[in-house]
Every structure is written in C-alpha cells, then in structure tokens.
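Each remark here refers to the structure printed beneath this line.
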Amino acid sequence: MIEQIDLSMVGWARATFALTALYHWIFVPLTLGLSVLCAFFESIYIRTGNEQWKSLTKFWMTLFGINFAIGVATGIILEFEFGTHWSNYSWIVGDIFGTPLAIEAILAFVLETTFFAVMFFGWNRVSKKTHLFSTWMVALGSNLSALWILVANAWMQHPVGMKFNPDTARFEMQDFWELISSPVAISHFVHITSSGFLLASLFVVGISSWYLLKKRHIQFAKRSIAVACTFGLLSSLFVAFTGDEHGYVTARTQPMKLAAMEALYEGKTPTGLIAIGLINPNKKPGDDQDAFSFKVEIPGMLSVLAKRDFDGFVPGINDLVYGNAEQGLMSTEEKIRRGKLAVASLGDYKKAKKNGEHLVANNALSVFDQHRDYLGYGYLNSPEEVVPPVALTFYAFRIMVGLGTFFILLFLVYGYLMEKKQLENKPMILRLGVLSLFLGYIAQQTGWIVTEVGRQPWAIQDMLPVTVARSNLDSGTVAVTFFLFLALFTVLLIAELKIMTKQISIGPEGE
Amino acid sequence: MFGSLDWSTLQQLWWFIVSLVGSLFVFLTFVQGGQTLLLTITGDEDEKTLIVNSLGRKWELTFTSLVVFGGALFASFPLFYASSFGGAYWVWIAILFAFIIQAVSYEYRRKPNNFLGQKTYEAFMFINGSVGVLLIGVAIGTFFTGSNFTLNDYNLVQWTHPLRGLEAAFSLFNLSFGLFLVFLARTLGALYLANNLEHENLVAKLKASSFNNLLCALPFLLYVLISFVLMDGYAVNPADGTVVMEANKYLNNLLQMPLNLFLLLVGLVLVVLGVMLNRFTASVRGIWPAGLGTVLTCLAIFFLAGYNNTAFYPSKVDLNSSLTIYNASSSHYTLTMMSYVALTVPFVLAYVSWVWRQMDSKKLTIEELAADKKSY
Chain A
44 MIEQIDLSMV
54 GWARATFALT
64 ALYHWIFVPL
74 TLGLSVLCAF
84 FESIYIRTGN
94 EQWKSLTKFW
104 MTLFGINFAI
114 GVATGIILEF
124 EFGTHWSNYS
134 WIVGDIFGTP
144 LAIEAILAFV
154 LETTFFAVMF
164 FGWNRVSKKT
174 HLFSTWMVAL
184 GSNLSALWIL
194 VANAWMQHPV
204 GMKFNPDTAR
214 FEMQDFWELI
224 SSPVAISHFV
234 HITSSGFLLA
244 SLFVVGISSW
254 YLLKKRHIQF
264 AKRSIAVACT
274 FGLLSSLFVA
284 FTGDEHGYVT
294 ARTQPMKLAA
304 MEALYEGKTP
314 TGLIAIGLIN
324 PNKKPGDDQD
334 AFSFKVEIPG
344 MLSVLAKRDF
354 DGFVPGINDL
364 VYGNAEQGLM
374 STEEKIRRGK
384 LAVASLGDYK
394 KAKKNGEHLV
404 ANNALSVFDQ
414 HRDYLGYGYL
424 NSPEEVVPPV
434 ALTFYAFRIM
444 VGLGTFFILL
454 FLVYGYLMEK
464 KQLENKPMIL
474 RLGVLSLFLG
484 YIAQQTGWIV
494 TEVGRQPWAI
504 QDMLPVTVAR
514 SNLDSGTVAV
524 TFFLFLALFT
534 VLLIAELKIM
544 TKQISIGPEG
554 E
Chain B
367 MFGSLDWSTL
377 QQLWWFIVSL
387 VGSLFVFLTF
397 VQGGQTLLLT
407 ITGDEDEKTL
417 IVNSLGRKWE
427 LTFTSLVVFG
437 GALFASFPLF
447 YASSFGGAYW
457 VWIAILFAFI
467 IQAVSYEYRR
477 KPNNFLGQKT
487 YEAFMFINGS
497 VGVLLIGVAI
507 GTFFTGSNFT
517 LNDYNLVQWT
527 HPLRGLEAAF
537 SLFNLSFGLF
547 LVFLARTLGA
557 LYLANNLEHE
567 NLVAKLKASS
577 FNNLLCALPF
587 LLYVLISFVL
597 MDGYAVNPAD
607 GTVVMEANKY
617 LNNLLQMPLN
627 LFLLLVGLVL
637 VVLGVMLNRF
647 TASVRGIWPA
657 GLGTVLTCLA
667 IFFLAGYNNT
677 AFYPSKVDLN
687 SSLTIYNASS
697 SHYTLTMMSY
707 VALTVPFVLA
717 YVSWVWRQMD
727 SKKLTIEELA
737 ADKKSY
C-alpha cells in the first residue's frame, strides 16, 4: 500500500499533531468545567436574586470567553490536520472516523456557539430564564462536544464495529452503536470530562485564593471557593474512580500501553505496582537488565487494579513482543509474518482484479481473509517497534496519578478550613491553592501524553501504524508548518495569558 | 427508512446536504465581508465599534458552519477530504491560518494588555475576510478546473505539482471565482450591517457600499458564468465510472438539469434584488432576499459540479483519478447512519433561528455598547 516511508516526515507530522493537541488541551478542559461552574453561579443568582452573584457569574464568564476563543481557534486545526497531515488515515478510516466528528459539529458545536452568543450578549436582550437556559446549553454543548471527540479518539485506541473492504482498500463501519457503547469510549468520556471539571475547580479556587492572599474581593472569593471546592471535591473523587476503571479497560484493550505505563517487562502472577521508580535508561526489550535503578513496589497491586484479581497475570512488554505460550500470547514476530501475508495477498488481489483474473483474485482474497486481523502488523519491520516510549509513558502516568490524589486532599483541606472559617488565615494553604492551578494543567497534559504516546506506533491500535496513516508530503514541508504553528501558538498564548492576568488583576469589581 | 435507499441515492442526498451546508457558509461569510468593510467605510471609532460588535455576535455562526462543512465532508466524502486536504496542502493550511487568527480577534481586540494591539487584530480580521475567502473561492474553483493529483490502487493521493495546491491560484477562473466570493461577501456584509445597526450615517454608507461591491463582483461573476457556458468539463461514464472530457459539459448540465438553471437564475436575481432594495428604497431588509439568493446560487454551483454524472473534484493529470460523488463517498452503512443524524438539522436550524430572532429583536446602538463592558 505504501512504497517509500519518509520517517522524518512522520516524526514532524506527529510533532505537529502533538503540539496542536496539547495546545488545544490547555483551553478545552477549562471550557468543559468552567461552563458548568458558570451555570451553577448563575443558577444561584437566579434563585437568590442577589446581584453580587450576577457580578460573580459575569466575572468568571469573562475569563471563560477569553479561554473559549482560543479553544475554538485550535479545535479547527485538529479537524483540518486529519486531512492535511494524515490524509491516508482520512481515507483508510474516514468511513468510521468522520462520523463522530461530523456529529460533534452538527449536534454539539452548533449548540455551544449559538448559546454562547446569548450567554455573552443576551443579558439585556433575553429574559433571565432564557439567559440561564442558554448558559446551561453552553455547558451541555461543550461537554457533548467532548463526548463525540472522545468517541472518535476512543475508537482509535480500541477499534470496533468495522471491517476492512479490500475493494476500496479501507475500513468500513459495520455497527455504529458498537462505537458509541465501546467501554473505552465510555470510560474515556467520563474520566476526561470530569478531569475538566476538576481543572476548572482548581482554576476558580486558585484565582480566588490569590484574591484572599491579596485581601481583595474577599466575599467574592469565598463564595467562588465554596461552590468550586464542592464541585472540585466531587469531580476529583470521580476522576479517581473513573481513572481506575479506565486502567482496567486499558489492561484488556491495550495491554502494551499498560505495560509501558508500568514499565513492566516480565509479566508475573501476582504483579506488583511500582508506586515510585527511577527507570534504567539503558533497558531494552528482551535484555536481562533491571528495568529500574530504584523502585518502591506494592506487591500484587497491579494485578488487583488491572485484573481485579490478586493472582491475575498482567503481561509485560517482553511477553507481548516475544510471545508467551503459557499465557496464550502470540509473538509480535508471528503477527508481523501474518500481517505481511495480508499485505501481499491484498496486493495480489488488487492486481488480479485489475487484470480480470478472477480465480487468482479469489485465491488471494481467501489468503487475505485468513490474515486480515494482522494487516496493520504487516507494515512493521521489527517486533520491537510495537513498544512505545516507556520512560515518558511511565513518568507521565505517575505525575498524573500523583497530582490527582493530591487534588483530592487539597479540596478536603479547603472544605474543612472553609467550614471552620479559617481559610483566609492560612496563607500557606492559599499559596498551595494558587500553585495547584498550574499543577492542574500539568496533570491534564500528562494524561494525554499517557494516552497518545502509550499507543505508539499505532494511529489505530493494531490496525494502522502512523507510518502508513501519514500524508504523502516531504518532511521539509511539514517541518515548516510545525514552526509556523509553533510561532502562532506562542504569540496567541502570550496574548491570552496577558489578557487573562489583566482581567484577573482588574477583578470582579471591574464588571 | 434510509437503509432501504440504494447507495447512489444516498450519495446524491449527501451531496445535497454538503452543498446546503457549504452554501449556508458562503451566505454567512457576510461576517468576513463585513470585516473587510472596516477599512473602507468607517468614519470614526464609534462606527468601527458598531460594525465589529455586530459582526462579533455572528462570527461564530460562520465559523461553526465551516466546521460543520468540514465534518460533513469528512463523514460523507472522505476521499475528497483525504485527497484535497492532504494534496492541496498549502491552500488548506493558508485557509486554516486565515481562520485561526480570526477566532481570537473579536475577543482580544479591545481587551486591555492584549499584547499585539488593536490594529493587529483588525489586520487579522481583514486577512480572514480577504485572503481567507479568496482562497476558499479558489479551492471551490478547482471543482471545475481540476487539480494535479493521482490516486493509486489503494486510493491514496499523490500530488504532482510542487506548489501543493497554491498553483490553483494561477487559474483565471479560480481567481475570478475567489474574487467574486470576496466581493459577494462584502456586499452581504454591507446588507447585513445595514439591517442590524441603528446609526443613520453609517447605515446610509452601508446601503451605498452594498451596491458598489455588487458592481465590483459583477465582472468576476460574468467571467465565471461565461466560462461555465464555454468550458469543457469532466464527465463520468455512468456504466463504468471512467472520466472523459466533454465539450461544454457545464452548459449541458444546466440544460439537462433545468431546475438547476432555474435555481442559479433565481438566486442571482434575488441577490441583485436585495441590493437594489437597499440602494433605491428606504428599506434595510435587502439581506434577506440577497442571503436566500446566495444560498440558491451556491447550491446551483455545487449541483453543477457534482450531479449529472460529473466529477466534482477532477484530476487534470489523470482523468480516472477524478473524484465523483460515487467513488469518493462513505459506505452505504455510514451514509445511512449519517442520514439519520441529518434529520436533526432542521431542528438545529430552528433553534439557531429562534435564538437569533430573540437576540436581534432590537437593533444594535452605540449607547448599548457603551453600557456593556463585554462589548468587543
């Protein structure tokens, strides 16, 4: 299917996509959560009729708007990039992948942007109730938007409901409901949207804590913290719960990703969880070096988390690369052999069909049918290619989980101090609250690094490697675009941060 | 319901839906056109603020329709998405940049400490309204003039021109199409603003401006129309799907699809009527006939490109690599699923209209903007 592979082009295309996605994800989680918090704030205003709550709502909405604009700008780039940088992908899986993207645009994005205009400019143009309804619709629209995008992403992690059509040389959808109800889609959606709620709570708590430290807008800050802290505590508990579920699903659907997250080379029964560890940078799959220079292990814990069974076998990187007959795991080498047969027979089929040789075509097709499940492996050259970057995945995962646990404690402490009316007298805690705002962003970014780096080399897990998914572009072209995006993103980020910090320093009384 | 329709009917239905979204997008480029008017007709800062705020309440509508257009094309004609976006790379990247810079401009333009300064954000708006619209027109122009690509046996695209799509801008037809869209957008922008604002002096200027911009659009429109009558086109043999050049293909399409010819003519007349209404009467409601006319005209142009056995994204270098609505579409199953989704579109259009009827019930005034700290 693919003749010459320019690996540096694939590298630049991946770098561009990673840059865009991570940049986009600075703004999206805040949109997801802050839209809901604004809806809470406005609901309180409508219930109490207290104008201070209106002023509070409008202040957070101002920050929401600044953030939203740049989220929209970066969202469209991702949609376009599937075509520009991953055009083979767009054809090979467009029959399936395009659908959730289109639904997102039609059903969610339109809802979000239409009511956004009312939320911002409708205060004096529509009734109070219509305005509140609009604010809730923005919250619903942005989260529905996330739902469809995450259905699409989950399908890349765990492709279901499709079949390869050798005549069109693409995967075609067979069952849309399987896509939506995929366990990965569901756990992805609930984990990621709730993490957005968590981030927005940290955002509100962080900025309000700064006001308390500066002894400004004290009533405003306390009110904001009361709502955000409750929402944040519930969200962070939910994030932990759904994260655990997500790990369990990953163990079943992407065992290599889990092995990389744990830097687990040899599967064991039971398998321990590395709470903290320092990875040996020289460790390679198949060698006999220790994976860690230092580690603190909780015995049997990984078996419990991944298999819900203390004696559960969790396959390691070596089991997945070199096979494990005892556990019924096929080696990657065998998968590649079968994949190459699938690729060759597909070529034979296409050629014979073009030449009108029906018998040859039918024979080739039956060989292809036997090996079609391994088609993606046919484009790999060595078994070790299926191992994602281990250290990055391992550390990113630990940072995410560590921070997630810390946030639960933070909200508990804030809740306790609010209850005791002691919060404004605890500058250390307030500083920690301000710092946590930034930590929240780090947790978000590391989460996506685990998700996306952990599934390399696949664009579609086990089906389509990134080397095939790319566009037919030379690396220079893609590199130029990368730097253009980098420059533009940097400028826009500086503008966004300057405007945002200015609005924060003006504060709610400026409303 | 849709599952029982045959594949080709679904493909035609989806070309209709994509064409409708594309046509609505072109109508909504009144936002882009309005942005370019900022440079030419505003007298003072108040007038500029009025224009920016009036457009600023609608820009997301246009942006959303572009995203929907992209999403719908991806889902229904993925081979077009793959071939054009991945092939005519630089055109799409340039269009993308023109829209990214717009997305932040309204929100950031007058915010304190905005880093780049008000003039830069206004320049972004101008680039979006001029270069962005021009390039979209150039890209649509290639539906008739063809592009430089081949598809291999696996339907993977190989672009054969080093300029990766920018070469399309050297075609007089594509350029004319693009410039027609730019001036049409300006015409629509002036019509929309005249209806949305309360400011005697500015409205008078806008009323004149819509007429002048239509005059500027006319030569390019005429060139496009005459080309349609004279140019050869890419015809598909329905029996085996092969593509051949056919003399006066688009003229034949118009004659063989009289309803389409009717759409085109009615559409153009309505645009002219809308402008005349604003220019020669006291009315400011010309945007409505002109908007409807724009949608009908664009629909006719999309139908001209895709229906009646025509290759809608033809390849100049290898005729049989050309994309038709039949070889570029999604599978029967996917189109069926998407058709059920499309049933929600009337509902979506209904609530969007409802919201804007509420929001636009009062015209925008300087006084309102002065009292609103959230104004752009």
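Residue numbers (the working numbering), protein chains in the order written: chain A, 44 to 554; chain B, 367 to 742.
Every residue, glycine too, gets a C-beta built ideally from N, C-alpha and C.
Where residue i falls: helix, strand or coil (DSSP)
i, result
"residue 94/A", "helix"
"residue 216/A", "strand"
"residue 237/A", "helix"
"residue 676/B", "strand"
"residue 516/B", "strand"
"residue 147/A", "helix"
"residue 207/A", "strand"
"residue 335/A", "strand"
"residue 691/B", "coil"
"residue 431/A", "coil"
"residue 465/A", "coil"
"residue 554/A", "Low per-residue confidence applies at residue 554/A: pLDDT is 45, beneath 50, and the placement is therefore not dependable enough to give any value."
"residue 516/A", "coil"
"residue 648/B", "coil"
"residue 425/A", "coil"
"residue 709/B", "coil"
Short CB-CB distance (under 8 Å) between residue i and chain B
i, result
"residue 495/A", "no"
"residue 479/A", "no"
"residue 264/A", "no"
"residue 181/A", "no"
"residue 550/A", "no"
"residue 554/A", "Low local confidence applies: a pLDDT of 45 at residue 554/A is under 50, so the model's placement there is unreliable, and no value is given."
Buried or exposed by the 16-neighbour rule on C-beta atoms within 10 Å, applied to residue i
i, result
"residue 625/B", "exposed"
"residue 628/B", "exposed"
"residue 739/B", "exposed"
"residue 393/A", "buried"
"residue 431/B", "buried"
"residue 60/A", "buried"
"residue 67/A", "buried"
"residue 523/A", "exposed"
"residue 481/A", "exposed"
"residue 402/A", "exposed"
"residue 398/A", "exposed"
Neighbour flag for residue i against chain A, beta carbons, 8 Å
i, result
"residue 724/B", "yes"
"residue 371/B", "no"
"residue 479/B", "yes"
"residue 473/B", "yes"
"residue 717/B", "yes"
"residue 459/B", "yes"
"residue 711/B", "yes"
Beta-carbon separation (whole angstroms), residue i vs residue j, contact threshold 8 Å
i, j, result
"residue 450/A", "residue 241/A", "6 Å"
"residue 376/A", "residue 426/A", "5 Å"
"residue 676/B", "residue 615/B", "7 Å"
"residue 473/A", "residue 252/A", "4 Å"
"residue 477/A", "residue 249/A", "5 Å"
"residue 96/A", "residue 84/A", "6 Å"
Cross-chain neighbours of residue i in chain E, by beta carbon under 8 Å
i, result
"residue 521/B", "Looking at the structure shown, chain E is missing, and the protein chains on hand are A and B."
Near the ligand NAD: residue i beta-carbon under 7 Å from a heavy atom
i, result
"residue 419/B", "Of ligands this structure carries none, so the ligand NAD is not represented either."
Between the region 209 to 229 of chain A and chain B, which residues of the former have a C-beta closer than 8 Å to a C-beta of the latter?
-> 211, 212, 213, 215, 216, 217 and 219
With 8 Å as the C-beta to C-beta threshold (strictly closer), list the residues of the region 531 to 542 of chain A near chain B in chain order.
-> 531, 534, 535, 537, 538, 539, 541 and 542
Listed in chain order, which residues of the region 413 to 436 of chain B have Cβ atoms closer than 9 Å to some Cβ of chain A?
-> 419, 422, 423, 424, 426, 427, 429, 430, 431, 432, 433, 434, 435 and 436
Can you list, in chain order, the residues of the region 696 to 708 of chain B whose Cβ is nearer than 7 Å to any Cβ on chain A?
-> 696, 697, 699, 700, 703, 704 and 707
What residues in the region 440 to 453 of chain B bring their beta carbon closer than 8 Å to a beta carbon of chain A?
-> 440, 441, 442, 444, 445, 447, 448, 449, 450, 451, 452 and 453
In the region 554 to 575 of chain B, which residues sit with their C-beta less than 8 Å from some C-beta in chain A, listed in chain order?
-> none
Proximal residues, the region 507 to 526 of chain A versus chain B, C-beta separation under 8 Å | 514, 515, 516, 520 and 524
Which of the residues in the region 487 to 509 of chain B, read from start to end, lie with their CB under 8 Å from any CB of chain A?
-> none
Residues of the region 425 to 438 of chain A whose Cβ lies closer than 7 Å to any Cβ of chain B, in chain order | none
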